[in-house]
Structure formats: C-alpha cells, structure tokens
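Enquirer:
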Amino acid sequence: MPDAYIFDHVRTPRGRGKPDGALHAATPVHLAATVLSALRDRTALDTAAVSDIVMGVVMPIGEQGQCLPRIAALRAGYDDEVAGVQINRFCGSGLEAVNMASAKVMAGQADMVIGGGCESMSRIPILSDGGAWSQDPDVAFATRFVPQGISADLIATKWGYDRAAVDAFAVESHHRAARAWAEGRFARSIVPVTDHIGEVMLDRDETVRGNSSVDDLARLKPAFAAMGADPGFDAIARLRYPEVGEIAHVHHAGNSSGIVDGAAAVLIGTREAGAAAGLRPRARIRAFAEIGSEPTIMLTAPSFAAEKALKRAGMRVTDIDLYEINEAFAAVALRFIDALGLDPAQVNVNGGAIAMGHPLGATGAMILGTVLDELERTGKATALATLCIGAGMGVATIIERV
Amino acid sequence: MLRTEIDGDGIAILVLDQPGRSVNTLGWELVEALEAEVDRLAADGAVSGIIVTSGKSSFLAGADLAIMNGLAASDVTLPEAARRIGRMGALFRRLETCGKPVVAAAPGTALGAGLELMLACHHRLVTDNPKGLFGLPEVTLGILPGAGGTQRVLRRLGIAAALPILVDGRPMSAAEAQAAGLTDAIVAAENLIPAAKAALREGRVSPVAPWDVKGFRLPGIAPTSTAAGDLFALWNARVLARTRGEDPAPRAILSCVFEGARLPLDKALKVERDYCAGLIQSPQAQDKIAAFFARQAAKAAAV
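From first to last, the protein sequence lines stand for chains A and B. When you line the first sequence up against our numbering, it's residues 33 to 434, in that order. When you line the second sequence up against our numbering, it's residues 141 to 443, in that order.
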C-alpha cells in the first residue's frame, strides 16, 4: 500500500460569518478557488497531475451547492481533467475530505488528490439544508434529537465543567490565537482573500480577541437554557442521562465556536508523484478513523475516534506530540483532554475555533494544517487532529513529519 | 340505520339513524350500508347533490367498540388491520370523489370518524346546538384518525394550524370549529336542511375537493420551507419531552402530518391508515380504548 503524504496546506483567514464580516462579499466558489489557486501557484503544480478534489461543504445548497469543488477547480483554472467531489460529514467534513483524499492515494487509485473544505456561513447559514434528523418525527423521536448546544451543556454537567472552567478555556483559546498571530505562526498557511480589483478583503482571522477576559465572558447569558426549558430539550436529554439531574447551561456565544467564512486545501499524494512535481513531503498520513457514538450527548466521539486511529497506527496516546481538538464548545475540548489524560499545554497550542471560528466544511483541514505548521515550528514529530460531529460522530487523523 | 329521501330538485338526503340508540356510531354494518348507498346515489343520474345528516340530535360519534377491538384481535395481522381501516378511508374517499356535491349537515356532535366523514364532504354545516362537540380525540385513546382525518385537516388548514388540533385532540364547540376553519357555517337547528339544500341549489358546493384540483398547494407554510422544518422540530421536541417518549400516538400523528404534507392525498391516506393500524394493535391503545368504552357504558347506565 502506498503511503499518502502531505505536500502543502493553505487556508483563508476566517471572517466573521455575518453581513458585517470581512468575507461576506466573497462567494463560496471564490473562497474555494482562492485556496486552490494558491496551492497551485506556490507549489508550481501542473494541475493535470491532480486526480480529484475532495472538499467538505456542509450546506451544499444554492451558490454553495452543485458540487462546489469541481466548479471551484474550473473557476481557478485547473486542468479540465481534474474532478471534484463534495462531501458532508457535518463538522468533520474538512478532515474527512483529507482522509478520503488520502485513502484514494493509499489505495493506489490516485497519485495526487486535494482534500479540503469550504463554507460561507454568512451567505448560506447553518441548518439551511433542513434534514430529517430534527424534523422528521420518525427520526427525531427515535434518536432523542437535541441541538448541539444542549449536548455540550450535558457534557459539562455530566463531567462537572462549570461556568468558570469553560470560560477560562475560552479565554485561553483567544490568548493562544492572539499570540500565534503576533508571532506569525500561521504565516505559512494563510492566503489572503482578495476582491474583484485585487485588494485584500481579509488577511487575518477576524474574530480573535487578545484582550478577552473571564470577567467579560461572565456577563454573557447562557445560550441554550431557554430551549432546554421549552420545547423541553433538557427533559429529552435526561431520558438518556437521568443521572445528571438538572442540566447546567454553561455555554454561550463566547465559549462556543464562532460562525465564520473560510476555505482550506491540502495537497496529498504519493512520494513519487510529489517528486515528479518537484515537491518535498511535509508529513505522512499515519492513520485515520471515523466512529459513531450515542447521538444525544453527541459530542464525545473525538476521544473514541482518536483511540481508534491510534490503534490503527499502533500508537499510544503518549506517542502523539500535539493534539488538535475542534473547539465546537469548550466542554467538548475539556472532555477530550480528560478522556485521553492529556496535558492542556499540548492541545490546541495556537488556539482554536472559539477564537478563530469554525467554517463547518473547512475546519478539519484547517486544524490539520495548523498542527502541521506547529510541528514544524517546534521540531516535533507527530500530531493528531480530531473533531466532534453531529449525530454523534467523530473523526481523527494522525500525521507524522518526514 | 340509513334512509334516503330524494326531493324534487334531485337532492338526496342521506340520514344516519341507527335504531334503538341515542347516538350513531360507525360500525361495519353502517360502513357496508354507506358503501352501497354512496355507489347507488353516485350512479343515479337524477341525483344532483347529496346531504349527509343524522336522525339524532348528534351527527356521528365515532367508530364503535367492535371495530376498535376487532382490529386488535389476535388473528388480525398488521396489514389486515391496515386494510380494514382503509375500508373506512376508502368509503370516505369514494364519497368525496363520487362526482356529486356533498354537504354534511350535522345537528350536533361529530367526533372521530364522525368528523372525518364531515371532512370528506365538500361543504360542512353545523348547528348552534350548544351540546355539539367537534374534534378528533383519537390521540387520547392512543390512536389517530385513520380514515383521512389527519390528511384532510392538514390540507384544509395547513401545517401550523393542523398540528395542535391533531396532536392535542381537544373537542371544540361549533363556534371554535367554525373559527378554526373545520366547518363552513353555523346555522339554527331548524334551518339545517334548508341551508344545506340552498347551498346545493345555488351551486355553492363544488363536487371536487380543493386537493383534487390540479395545482393544489397546502395553505400556509410550504412543507419544505425552513419555517415548516423549524415547526416540526419544535413539535417533535415538545411532544417527546411531554410524553417522555412513552406515547406513540402523538408521535405517529406528527409523522402523518410530516410525511403526508409531502404526498398526494391517496398515498398520504395509506401512510395514515398504516400508522393507525400499528397504534390500534398496541396493548396501550387497547387499554385506553377499553377504559373509554367502559366509561361510556357507565355513563349510559347512569342516565
């Protein structure tokens, strides 16, 4: 089986996912084409060598629909023979896309594939695509559907992460992201997004607040208490978790992932294909895994996915130098750290989605690239990136520098 | 149990009047009699319109205990139960599509199958009888209105207005039913048949239901809209939280509305009757049905 190598990674900065956000005027195709163009130009890649482009897009409708990766490739001027495919594993899509791209390479069915993702949340809002899970009574009842915020608060309640703990984690995310920006730690990956006249719309993550403080966050009201009471999602959560009693609603906009716009792309291929293109591999894909778990608590699967990937790689938790867990909610990251017994200092070293935002389809590819940059900066070897995923899934990828 | 008079204008007045009882209930004998009568009137070229009314002070109280029990008999399979429920649905559908305008003229209460029969008529008149109750209380018996009730309320009122009526199942006064849009007019008791005849004579009753007109759309929010999705998510959660997931009836009613809103009527009616069959065969529903009929019998004995 051929190994799959990462040759390069780029991402856009993340813009606030609202009409006043810096990337709101950029179409989703433009965001995706921006990273595809950058990946090609900085590697001097003959795009005809790329077999496929796998991209996560979680709301693939409207201008973000119709198999966006192929459309973006055409718009970016890629060779006509480069195919594209859009995938959706909710919040894990960007990492799943990288895994699928790697799998094509490992299976010997492609020599070079791009994985990544794109989401303009300001233009195509989250939940725009409907879906059976919450709406179809046949499904909602059977699965004990609750929204993710309730699941996050359930995790916090079950494992005792109080408001102070989740707020402190959020503040640390902002401080780490601000330090990373100040020290230029994202410089290698960031591709500014430009407008129709070539001027920069955004060249840094828009939502990072270096002066964030626990006192500021303490003023925010819990976001999910109202829906817990009516229509009664707390009662539904307790059907599965009667032992938690009253659910402590500790999450709010300040300790949950931000809604943002952005795109990312990772160039993956065999060592030989890279050599033919004159590229040196930056890391090898050691292993990856996806997993399902109980859907009402929903967001605890990252540790299960990580353990599954570690097992596939024949590695132990302590064999990994750096971890990236998507900060969907503070309690998700805290639970992941505790479940694996990690040192918080080796997790999300440069902040995460609480500070920089979570462009649904792209985040997985972004955090993989972020941790690769950090491995290189610190001379470390191995990293694991993982995300919690709607409906109780998790995905994880282990990379190793070469 | 059924008598028909045809007046000089060719208007057939079909009177439900089961002998020896104070109220009409729907049993298989009445179903069979209605099947034959609807076929006969539909085929009679001299009949210009049909009025369905009652010889009692009420209209039709619902399906009887024999039907309810029989559908859960040990030798009745789930598909067989569904087919038997479907026979009632098919009867009402036959009435709705018989080609002649049909007016329901209810002197009083129409609950369950009684209201389902009214909803299958093209025009609905009720009286100001203060004792009159109108609704689909099946949910309180652990079942659902399986002869078109969920689908015709949905199609007449739209998703948002239909959900509380179907999920809560609370019987309404004539005034409330009229305000909800379930009926077309309230008239004085003595004016019931004259008003029904006038509606037919004046050509105010179309023999085609709105949902049988090409291009029909549900009133209110579209089934595929974000608003409808949000509304279903809200109701799913409310009902699940309130019932702790232990009452399958309101859940099945929500499913009938969710699925039925996306289907043409005939496919939707099959979905509804199939869900109904599953509910009625459950021990929980049979317990509730037995308790209900025991209460009725006790009330009747006390009178």
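The beta carbon of each residue, even a glycine, is placed where N, CA and C say it ideally should be. Note that the structure is a prediction, hence the values are computed from the model and not measured.
(1) Please confirm if the segment 298-314 of chain A is in contact with the segment 35-48 of chain A, defined as three or more CB-CB distances below 8 Å between the two stretches.
(2) Rounded to whole angstroms, what is the Cα-Cα separation between residue 364 of chain B and residue 294 of chain B?
(3) If you compare alpha carbons, which of A:158, A:114, A:382, A:298 is closest to residue 78 of chain A?
(4) As a quick exercise: from B:216, B:206, B:310, pick the residue whose alpha carbon is nearest that of residue 429 of chain B.
(5) Are there 16 or more other CB atoms within 10 angstroms of the CB of residue 356 of chain B, so buried, or fewer, so exposed?
(6) Taking one C-beta from the segment 382-396 of chain A and one from the segment 282-296 of chain A each time, how about it: are there three or more such pairs within less than 8 Å?
(7) Tell me, to the nearest whole angstrom, how far the beta carbon of residue 205 of chain A is from that of residue 358 of chain A; I am working on the premise that it is less than 8 Å.
(8) Given a cut-off of 8 Å on the beta-carbon distance, is the pair residue 313 of chain A and residue 130 of chain A in contact?
(9) Helix or strand or just coil, what does DSSP make of residue 273 of chain A?
(10) Taking the CB atoms as reference points, tell me whether residue 237 of chain A and residue 209 of chain A lie closer together than 8 Å.
(11) Can you tell me the Cα-Cα spacing of residue 282 of chain B and residue 425 of chain B, whole angstroms?
(12) So that I know if they touch, is there some Cβ in chain A lying closer than 8 Å to that of residue 369 of chain B?
(13) For the alpha helix (DSSP H) that contains residue 372 of chain A, what are its first and last residues?
(14) Taking only the alpha-carbon atoms, compute the straight-line gap between residue 160 of chain A and residue 395 of chain A and give it to the nearest angstrom.
(15) I'd like to know whether the C-beta atoms of residue 194 of chain B and residue 242 of chain B end up nearer to each other than 8 Å.
(16) What are the boundary residues of the beta strand (DSSP E) that residue 194 of chain B is part of?
(17) Quick check on residue 269 of chain B - is its C-beta less than 8 Å from some C-beta in chain A?
(18) For chain A, find out if any of its Cβ atoms is closer than 8 Å to the Cβ of residue 376 of chain B; answer yes or no.
(19) Nearest to residue 304 of chain B by alpha carbon, out of B:394, B:160, B:158?
(20) With burial defined as no fewer than 16 other Cβ atoms inside 10 Å of the residue's Cβ, what is the status of residue 302 of chain B: buried or exposed?
(21) Under 8 Å, CB to CB, which of the residues in the segment 267-288 of chain A have a partner in chain B?
(22) Would you verify that the beta carbon of residue 166 of chain A is, or is not, closer than 8 Å to some beta carbon of chain B?
(23) Using C-beta distances below 8 Å, list every residue in its chain close to residue 327 of chain B, excluding the 5 sequence neighbours before and after it, in chain order.
(24) Could you name the residues that DSSP lists as bridge partners for residue 147 of chain A?
(25) I think residue 430 of chain A touches residue 416 of chain A, with their Cβ atoms under 8 Å apart; what is that distance to the nearest whole Å?
(26) Could you spell out where the beta strand (DSSP E) holding residue 318 of chain A opens and where it closes?
(27) According to DSSP, is residue 312 of chain B part of a helix, a strand, or is it coil?
(28) Distance, Cα to Cα, residue 71 of chain A vs residue 310 of chain A?
(29) Show which residues of chain A have a CB atom less than 8 Å away from the CB atom of residue 422 of chain B.
(30) Who does residue 356 of chain A pair with in a DSSP beta bridge?
(31) Quick one: measure Cβ to Cβ for residue 414 of chain A and residue 353 of chain A, integer angstroms, because I've assumed they're closer than 8 Å.
(32) Anyone know if the C-beta pair for residue 294 of chain A and residue 151 of chain A falls short of 8 Å?
(33) For residue 426 of chain A, which three-state DSSP category applies?
(34) Take the Cβ of residue 382 of chain A as the centre, count every other Cβ of all protein chains shown within 10 Å, and call the residue buried at 16 or more, exposed below.
(35) Who are residue 203 of chain B's beta bridge partners in DSSP?
(36) Based on the DSSP secondary-structure assignment, which residues constitute the bridge partners of residue 432 of chain A?
Expert: From the atom records:
(1) Yes, they touch.
(2) Against the second sequence, residue 364 of chain B aligns to sequence position 224. Against the second sequence, residue 294 of chain B aligns to sequence position 154. One C-alpha to the other measures close to 15 Å.
(3) Start at 1 with the first residue of the first sequence, and residue 78 of chain A comes out as number 46. Ranking the options by Cα distance to residue 78 of chain A, first place goes to A:114.
(4) In the second sequence, the residue the question calls residue 429 of chain B occupies position 289. If we check each option's Cα against that of residue 429 of chain B, B:206 comes out closest.
(5) Numbered from its first residue, the second sequence carries residue 356 of chain B at position 216. A residue is called buried once 16 or more other Cβ atoms fall within 10 Å of its Cβ, and residue 356 of chain B, having fewer, is exposed.
(6) Note that the segment 382-396 of chain A touches the segment 282-296 of chain A; at least 3 beta-carbon pairs, one per stretch, sit closer than 8 Å.
(7) To locate residue 205 of chain A, count along the first sequence from 1; it is residue 173. To locate residue 358 of chain A, count along the first sequence from 1; it is residue 326. So it is not a contact: roughly 11 Å between Cβ atoms.
(8) The residue given as residue 313 of chain A occupies position 281 in the first sequence. The residue given as residue 130 of chain A occupies position 98 in the first sequence. Going by beta carbons, residue 313 of chain A and residue 130 of chain A fall outside the 8 Å limit.
(9) Here residue 273 of chain A refers to the residue found at position 241 when the first sequence is read from its first residue. It is coil, neither helix nor strand.
(10) Residue mapping note: residue 237 of chain A aligns to position 205 of the first sequence, counting from 1. Residue mapping note: residue 209 of chain A aligns to position 177 of the first sequence, counting from 1. With respect to residue 209 of chain A, residue 237 of chain A sits close: the two C-beta atoms are nearer than 8 Å.
(11) For the purposes of this step, residue 282 of chain B is identified with residue 142 of the second sequence, where counting begins at 1. For the purposes of this step, residue 425 of chain B is identified with residue 285 of the second sequence, where counting begins at 1. Their backbone Cα atoms lie some 4 Å apart in a straight line.
(12) As a working note, residue 369 of chain B is residue 229 in the second sequence. Taking a beta-carbon distance threshold of 8 Å, residue 369 of chain B counts as an interface residue toward chain A.
(13) If you number the first sequence from 1, residue 372 of chain A lands on position 340. Run containing residue 372 of chain A: 362-372, per the alpha helix (DSSP H) assignment.
(14) Within the first sequence, the letter at position 128 stands for residue 160 of chain A. Within the first sequence, the letter at position 363 stands for residue 395 of chain A. If you draw a straight line from the Cα of residue 160 of chain A to the Cα of residue 395 of chain A, it is about 19 Å long.
(15) Position 54 of the second sequence holds residue 194 of chain B. Position 102 of the second sequence holds residue 242 of chain B. With contacts defined as CB atoms closer than 8 Å, residue 194 of chain B and residue 242 of chain B fail to qualify as a contacting pair.
(16) Counting from 1 along the second sequence, the entry for residue 194 of chain B is found at position 54. First-last of the beta strand (DSSP E) with residue 194 of chain B: 189-194.
(17) Looking up residue 269 of chain B in the second sequence gives position 129. Under the 8 Å criterion on CB atoms, residue 269 of chain B is classed as non-interfacial with respect to chain A.
(18) Along the second sequence, one-based indexing puts residue 376 of chain B at 236. True, the Cβ-Cβ gap to chain A drops below 8 Å.
(19) Counting from one through the second sequence, the residue named residue 304 of chain B turns up at place 164. Comparing Cα-Cα distances from residue 304 of chain B to each of B:394, B:160, B:158, the minimum goes to B:394.
(20) Walking along the second sequence from the start, residue 302 of chain B turns up at place 162. That one is buried.
(21) Flagged, chain order: 267, 268, 271.
(22) To locate residue 166 of chain A, count along the first sequence from 1; it is residue 134. So, interface residue.
(23) Position 187 of the second sequence, counted from the start, is the residue given in the question as residue 327 of chain B. Annotation for residue 327 of chain B: 265, 266, 267, 268, 335 place their beta carbon closer than 8 Å to its own, counting only its chain and skipping 5 residues before and after.
(24) In the first sequence, the residue the question calls residue 147 of chain A occupies position 115. For residue 147 of chain A, the pairing in a beta bridge is given by DSSP as A:86, A:298.
(25) Translated into positions along the first sequence, residue 430 of chain A becomes position 398. Translated into positions along the first sequence, residue 416 of chain A becomes position 384. With a Cβ gap of about 5 Å, residue 430 of chain A and residue 416 of chain A count as contacting.
(26) To locate residue 318 of chain A, count along the first sequence from 1; it is residue 286. According to the DSSP assignment, residue 318 of chain A belongs to the beta strand (DSSP E) that extends over 315-324.
(27) Position 172 of the second sequence holds residue 312 of chain B. In this structure, residue 312 of chain B counts as strand in the three-state DSSP scheme.
(28) Residue mapping note: residue 71 of chain A aligns to position 39 of the first sequence, counting from 1. Residue mapping note: residue 310 of chain A aligns to position 278 of the first sequence, counting from 1. C-alpha separation (whole angstroms): 14 Å.
(29) As a working mapping, residue 422 of chain B is identified with position 282 in the second sequence. The premise fails here: residue 422 of chain B is roughly 15 Å from chain A at the closest Cβ pair, so nothing lies under 8 Å.
(30) Counting from one through the first sequence, the residue named residue 356 of chain A turns up at place 324. Checking the DSSP bridge columns, you'll see residue 356 of chain A partnered with A:417.
(31) Residue mapping note: residue 414 of chain A aligns to position 382 of the first sequence, counting from 1. Residue mapping note: residue 353 of chain A aligns to position 321 of the first sequence, counting from 1. Between residue 353 of chain A and residue 414 of chain A the Cβ distance is about 5 Å, and since that is below 8 Å, they are a contact.
(32) Translated into positions along the first sequence, residue 294 of chain A becomes position 262. Translated into positions along the first sequence, residue 151 of chain A becomes position 119. The answer is yes: Cβ separation under 8 Å.
(33) Against the first sequence, residue 426 of chain A aligns to sequence position 394. Correct three-state label for residue 426 of chain A: strand.
(34) If you number the first sequence from 1, residue 382 of chain A lands on position 350. Buried, since its Cβ has 16 or more Cβ neighbours within 10 Å.
(35) Counting from 1 along the second sequence, the entry for residue 203 of chain B is found at position 63. In DSSP, residue 203 of chain B forms a bridge with B:166.
(36) Translated into the one-based positions of the first sequence, residue 432 of chain A becomes position 400. Residue pairing by DSSP puts residue 432 of chain A in a beta bridge opposite A:316, A:414.
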